[in-house]
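Since the structure comes first, as structure tokens, the remarks are kept for the end.
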Amino acid sequence: MITHEELHAALFAVLGQELPDQATRHVNEALRLAGILEQRGFEFRLLDARPKDPHSTLWKAMFSKESDLFHSENTDAALAIGIAALEALQAESAGR
Numbered sequence: 613m614i615t616h617e618e619l620h621a622a623l624f625a626v627l628g629q630e631l632p633d634q635a636t637r638h639v640n641e642a643l644r645l646a647g648i649l650e651q652r653g654f655e656f657r658l659l660d661a662r663p664k665d666p667h668s669t670l671w672k673a674m675f676s677k678e679s680d681l682f683h684s685e686n687t688d689a690a691l692a693i694g695i696a697a698l699e700a701l702q703a704e705s706a707g708r
């Protein structure tokens, strides 16, 4: 499983200074990261994957562009967003 630090480093390698400082640790900063991807043409959704379970959380973050879908599930919403964002950005860099 990827750590906050590893994810932040990978996102920084793609976005540089555009990456919000705490994007992998705080959901509000992760939502700013999602906004950056939306400016690049991605659609974003964050869903509670266990809405009826009061004892656990699981977040599903999804980015889509044209027919491509990039998603991640994690108990930490910021990590779910960051992992899905990294997949989307890597695909964009590869020309997909």
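Just so we're aligned: the sequence shown equals residues 613 to 708 in this note's numbering.
C-beta: ideal position from N, C-alpha, C; glycine also.
The structure displayed is predicted, hence computed values, not measured ones.
According to the DSSP secondary-structure assignment, SER676 is paired through a beta bridge with GLU655, LEU681. Excluding its 5 nearest sequence neighbours in each direction, ALA622 has C-beta neighbours in its own chain below 6 Å: LEU698, listed in chain order. Annotation for GLN702: the continuous alpha helix (DSSP H) segment containing it runs 689-705. Burial is judged here by how many other beta carbons sit within 10 angstroms of a residue's own beta carbon; ASN686 has at least 16 and is buried.
Short of 8 Å from the beta carbon of GLU630, and not among the five residues preceding or following it, lie these beta carbons of its own chain, in chain order: ILE648.
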